[in-house]
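Notes follow the structure.
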Amino acid sequence: MHQVWDLVTGGSTFRGQAGGSLWLPPRASEVAGQVDWLFYFILIVSLVFFVLIVVLMTLFVIRYHRPRGAEGTEGVEHNTALEITWSVVPLILVAAMFYLGFRTFMKIAVAPAGSYEILVNAQKWKWLFTYPNGYVSDELHVPLDEPVELMMFSQDVIHSFYVPAFRIKRDVVPGRYNKVWFRATQKGRFTIFCAEYCGTGHSDMTSSVVVHSRQEFAKWLEEASAALAKKPPAEAGADLYRTRGCASCHTTDGRPGIGPTFKGLFGSSQPLSDGTTVVADENYIRESIMDPQAKIVAGYQPVMPTFKGRLKDVEITDIIEFLKTLED
Ligand code: CUA
């Protein structure tokens, strides 16, 4: 019995290091145990009452059904003790659910003072993470056992930041900051999902959160920033292509994606949706990054978000240099 319980719940302690269970991912954050405890509490209470009510209903139907031709029941009075019991017991249970749920909700909602702050930029269909030193990555890297607060904003529509292993999920609504925090309790790599339907690429809007020890995290951030700073433009452009969201819509192998492929794009003639043609030179590419709706290539939808304010001039130049390496 104990093994079955452990298999279903991932360990009965609901603390830290538990691995995944039959139906839930590992508990890799501080609040995960509390969230699971609440989940099982509500599940078990619901199951007990479901079975109790269905069994009683069935028994009563069999025991008290009216035989053909018999008189109807008369003179059934109310029973005060019974009615108080079936009102007060559920009241206590739902009040306990509210109290425990609200306590855990407040814990998840309010970050401890001095949390490590990371900016999260959600856009169709990519997560970008900006660290205090300005470095941007497309995977979230965080230190172990330290409170991390995410300041999240959306460039376009509503997305939702969801890490099942941390048991946290928060909508990212355009026009305001949405915050969520966590303290990772396990090293490793966990999946990030977008949990709000946001268009064509919604199901591809996944990433990972990588939990390092404190020292490893500091080392990772320093090395990643230093490596990017001293790369030649075309290589920096290739990094930006991967990490800033271009790759979700533009391939480099000739296959059409949500947008035109980048293979052989630079210097080629592109037929536009208004019947004219444009040569894909530096100015056209810069315009397409800053004002994507200005010229739409024939056969594609005007869905690309603007990168104005999100890419520096030098980064646009890096991307153009990268595109030049993809000529046929
Ligand atoms: Cu972003 Cu779904």
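Note that the numbering used here has the sequence shown beginning at 202, numbered continuously upward.
Note that the Cβ used here is the ideal one computed from N, Cα and C, for glycine as well.
These figures come from a predicted structure and were not determined experimentally.
The DSSP-derived three-state label of Ala385 is strand.
Annotation: the continuous alpha helix (DSSP H) that includes Glu483 extends over Glu483 to Met491. Among the bridge pairs identified by DSSP, Trp328 is matched with Ala323. If you check the C-beta of Met353 against ligand 1, you find no heavy atom less than 8 Å away. Boundaries around Glu516 are those of the alpha helix (DSSP H), Asp514 to Lys525, since no beta strand (DSSP E) includes it. Contact between the stretch 406-425 and the stretch 493-500 is absent: fewer than three C-beta pairs spanning the two stretches fall below 8 Å. If you keep only unbroken alpha helix (DSSP H) runs of at least 4 residues inside the stretch 280-305, you get nothing at all. Val410 carries a strand assignment under DSSP once its states are collapsed to helix, strand and coil. Secondary structure at Phe240: helix, using DSSP grouped into helix, strand and coil. Taking a C-beta distance under 9 Å as the contact criterion, Arg371 and Glu347 do not qualify as a contact pair. In this structure the stretch 320-328 touches the stretch 442-454; the number of beta carbon pairs closer than 8 Å is three or more. Counting along the chain, the unbroken alpha helix (DSSP H) around Gln416 starts and ends at Arg415 to Ala430.
A distance below 6 Å between beta-carbons, with the five flanking residues on each side excluded, links Val358 to the following residues of its chain, in chain order: Cys399. When distances are taken from the beta-carbon of Glu397 to the heavy atoms of ligand 1, the shortest one is below 8 Å. In the DSSP assignment, Cys450 forms no beta bridge with any residue. Placement of the Cβ of Ala448 at a distance of 8 Å or more from every heavy atom of ligand 1 is found. Secondary structure of Ile497 (DSSP, three-state): coil. The bridge partners DSSP lists for Asn379 are Met353. Each of Asp339, Met298 and Asp440 was checked against the Cα of Ile521, and the nearest Cα belongs to Asp440.
Contact between Ile393 and Ser409 holds: CB atoms are separated by about 6 Å, below the 8 Å threshold.
Bridge partners of His360 according to DSSP: Val373.
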